[in-house]
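Chains as they are written, first to last, in numbering that gives the first Met the number 0: chain R, 0 to 209; chain D, 0 to 209.
From the three backbone atoms N, C-alpha and C, an ideal C-beta is built for every residue, glycine too.
Remember, it's a predicted structure, so these values are computed and weren't measured experimentally.
Have a look at the structure below, then the notes.
Protein chains: 2
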Amino acid sequence: MAGRKQFDVDEALRRAMHVFWRWGYSEASIDRLTEGTGLGRSSLYGTFGDKSTLFQKSLQRYAETYHPLYDQALSGPHPSPSAVVAAYLQVTLNRIADPTVPDGCLLTVSATQFPALDAKSRTMVRAMIDRLRAMLEQALLAAGAGEQEAAELALCALATNKSLAVLSRAGFSSDDLATVAAAAARVPGKTTLTALSSATDTQGPGKVAG
Amino acid sequence: MAGRKQFDVDEALRRAMHVFWRWGYSEASIDRLTEGTGLGRSSLYGTFGDKSTLFQKSLQRYAETYHPLYDQALSGPHPSPSAVVAAYLQVTLNRIADPTVPDGCLLTVSATQFPALDAKSRTMVRAMIDRLRAMLEQALLAAGAGEQEAAELALCALATNKSLAVLSRAGFSSDDLATVAAAAARVPGKTTLTALSSATDTQGPGKVAG
DNA sequence: CCCATCTTGCACCGATCGTTTCAAGATGAG
DNA sequence: CTCATCTTGAAACGATCGGTGCAAGATGGG
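The following block contains the structure:
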């Protein structure tokens, strides 16, 4: 039996995160979590606390796993705001294309289940979404977008991210998802004529940060 | 007590639909459904069958309620494909702004919970989404879009619809939602130079079919 | 070794899940 | 009226829910 832990805590948390990701908070029963992690109930509760706490740690783990990928994609010098959006959405497409993780996006699934979440979990989900929005806005400003344009494009890129997650959950093809992402990266922004000059079209959609 | 039904079947179904809409299938317990409809358990089961059947009837009721609104918004002669997208998304914004219905969209909430649904319910949800997509594509063709452009814009408008539902569930402001919708209606489509000539920009975003 | 400490499997808790049963009461046709 | 039919509230079903208690076994410091 035991004395010292018989499992890898980090790997167990990763698997628990996948269970919440696939099933959503409500349908992620303790039985499914024990089966998905390979842990017994005692080990689960002893290591991570109750279900709500485990969910919050899964959210945190999700952020630690994927926010750096977004950060990296957004950090590089980008020739245009559109390139920032394209790089951001490419990270999303790559994650969705990863066969080792569930469909969609843990944040999106959790957001649609807001009424089922406790206050702290809701706050965390919303804060993580807002943080992505802020990261996007800053990267867009760095790419030369105006203040208003950056705010709007950040919001729209975030929205497209959410739509990709929903369509993925509904079983839409990766071709359809790529089409949506490419179109979103083609939006010129409110400053209709200034940013549309050259940089936007020299780079085809997709093939960015892959 | 009884002998003949003590309630309005249509109104009860409408309220049950709202319970599924707000809570999602998993969290829409029988107790919440009885409380939301005002019916007793016996009346619920006797009138609508089990939970899964009631959910499917709620989906059907949702389609009967909102698809005509989309149909009407899409039917009128539109000056451009962008106008079609704008009209479509305006219906979505209006529904989200309606304080008498839950946040988001029953189809979107259900789509994110696909793993929790039985096969028939999944098929229904997917079919309803596909039908909206087809309606959009046809309206876009009627508005003068090319085949490829119509397919792409229909998909993107559908995606924007889903994103509005998610952001609404997450508590984003109606201003933010309107911004997303307006930007989506501004997408020129793949035929970069042909459709961009005059009709698209003569009409400001928003203020369509409201 | 001895023993406090930790981990684990298993059984079990009360609560809630979806569903069924049933008796009581209301109805309408004969 | 009589009586078959229907509706309703309430109780109860087995299953599963999230969570806990506990004894058995493993560990490492003294």
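Own chain partners of residue i with C-beta closer than 7 Å, once the 5 adjacent residues on each side are dropped
i	result
GLY227 of chain R	Past the boundaries of the shown model lies residue 227 of chain R; chain R is included only from 0 to 209, so the question cannot be answered.
LEU131 of chain D	TYR69, LEU157
GLU26 of chain D	none
LYS119 of chain D	GLN55
GLU10 of chain D	none
ASP175 of chain R	LEU166
ALA150 of chain R	GLU136
ALA159 of chain D	Ala is not the amino acid found at residue 159 of chain D; the sequence shown has Thr there. Closer than 7 Å at Cβ, skipping near neighbours: LEU88, VAL179, ALA180, ALA183.
Close beta carbons around residue i, own chain, < 6 Å, minus the five adjacent residues each side
i	result
ALA180 of chain D	LEU88, LEU92
GLY23 of chain D	VAL108, GLN112
ARG60 of chain R	LEU12, MET16
LYS90 of chain D	Note that residue 90 of chain D corresponds to Val in the displayed sequence, not to Lys. Cβ within range, chain order: LEU68, TYR69, ALA72.
ALA62 of chain R	MET127
GLY205 of chain D	With a pLDDT of only 37 at GLY205 of chain D, under the threshold of 50, the placement of this residue in the model should not be trusted, and no figure is reported.
ALA133 of chain D	none
LEU192 of chain D	The predicted position of LEU192 of chain D is uncertain, since its pLDDT is 40 and thus under 50; a value taken from the coordinates is nonetheless stated next. There are no such residues.
SER42 of chain R	none
Terminal residues of the alpha helix (DSSP H) in which residue i lies
i	result
PHE19 of chain R	8-26
GLY45 of chain R	40-47
LEU211 of chain D	In the structure displayed, chain D extends from 0 to 209; residue 211 of chain D sits before or after that span and is not available.
VAL83 of chain D	80-96
GLY35 of chain R	29-36
LYS119 of chain R	118-141
ASP102 of chain R	No alpha helix (DSSP H) contains ASP102 of chain R, which DSSP labels as neither H nor E.
HIS66 of chain D	50-74
SER173 of chain D	173-183
Distance CB(residue i)-CB(residue j) smaller than 8 Å
i	j	result
GLY103 of chain R	SER167 of chain R	yes
VAL186 of chain D	ARG185 of chain R	yes
ALA154 of chain D	THR178 of chain R	Per the sequence shown, residue 154 of chain D should be read as Leu rather than Ala. In this structure, THR178 of chain R lies closer than 8 Å to LEU154 of chain D by Cβ.
GLY35 of chain R	ARG14 of chain R	yes
ARG81 of chain R	GLY143 of chain R	Position check: residue 81 of chain R holds Ser in this sequence, whereas Arg was assumed. Not a contact, by the Cβ cut-off of 8 Å.
ALA96 of chain R	SER172 of chain R	no
Own chain partners of residue i with C-beta closer than 8 Å, once the 5 adjacent residues on each side are dropped
i	result
PRO101 of chain R	HIS17, TRP20, ARG21
ARG226 of chain R	Residue coverage of chain R in this structure runs from 0 to 209, which leaves residue 226 of chain R outside it and unanswerable.
ARG40 of chain R	ILE29, THR33
VAL124 of chain D	LEU58, LEU106, SER109, ALA110, PHE113, LEU116
HIS77 of chain R	VAL83, ALA86, ALA138, ALA141, ALA142
SER217 of chain D	The shown model of chain D, from 0 to 209, leaves out residue 217 of chain D, and the question about it has no answer.
ARG31 of chain R	VAL18, TRP22
Whole-Å CB distance - residue i paired with residue j, under 8 Å assumed
i	j	result
THR107 of chain R	LYS56 of chain R	Rounded, the Cβ-Cβ distance is 19 Å, inconsistent with contact.
LEU135 of chain D	LEU73 of chain D	7 Å
ALA126 of chain R	VAL83 of chain R	So it is not a contact: roughly 22 Å between Cβ atoms.
VAL165 of chain D	VAL165 of chain R	6 Å
PHE6 of chain D	LEU38 of chain D	6 Å
ILE128 of chain D	ALA169 of chain R	6 Å
Any non-hydrogen atom of the ligand NAD closer than 7 Å to residue i Cβ
i	result
THR64 of chain D	For the structure depicted, the ligand NAD is absent and the ligand set is empty, with no information on it obtainable.
The segment 130-141 of chain R: which residues have C-beta closer than 9 Å to a C-beta of chain D, in chain order?
From the segment 130-141 of chain R, no residue has a Cβ closer than 9 Å to chain D.
What are the residues of the segment 99-117 of chain R that lie near chain D, defined by any Cβ-Cβ distance shorter than 7 Å?
Sequence-ordered contacts of the segment 99-117 of chain R with chain D read GLY103, THR107, VAL108, ALA110, THR111, GLN112, PHE113, PRO114, ALA115 [C-beta pairs closer than 7 Å].
Interface positions of the segment 11-30 of chain D facing chain R (Cβ-Cβ less than 7 Å), listed along the chain
The residues in question are ARG21, TRP22, GLY23, SER25, GLU26.
Using a Cβ-Cβ cut-off of less than 8 Å, list which residues of the segment 161-180 of chain D approach chain R; keep chain order.
Residues passing the 8 Å Cβ filter: LYS161, SER162, LEU163, ALA164, VAL165, LEU166, ARG168, ALA169, GLY170, ASP175, THR178, VAL179.
Residues within the segment 145-162 of chain R neighbouring chain D, beta-carbon criterion of under 9 Å
Those residues of the segment 145-162 of chain R that come within reach of chain D (Cβ to Cβ, closer than 9 Å) are ALA150, GLU151, LEU152, LEU154, CYS155, LEU157, ALA158, THR159, ASN160, LYS161, SER162.
Residues in the segment 72-84 of chain R with C-beta within 9 Å of chain D's C-beta atoms, listed in sequence order?
Listed by position along the chain: nothing, the set is empty.
Of the residues that make up the segment 119-130 of chain R, which ones have a beta carbon closer than 9 Å to any beta carbon in chain D?
Per Cβ criterion, the list reads ARG121, VAL124, ARG125, ILE128.
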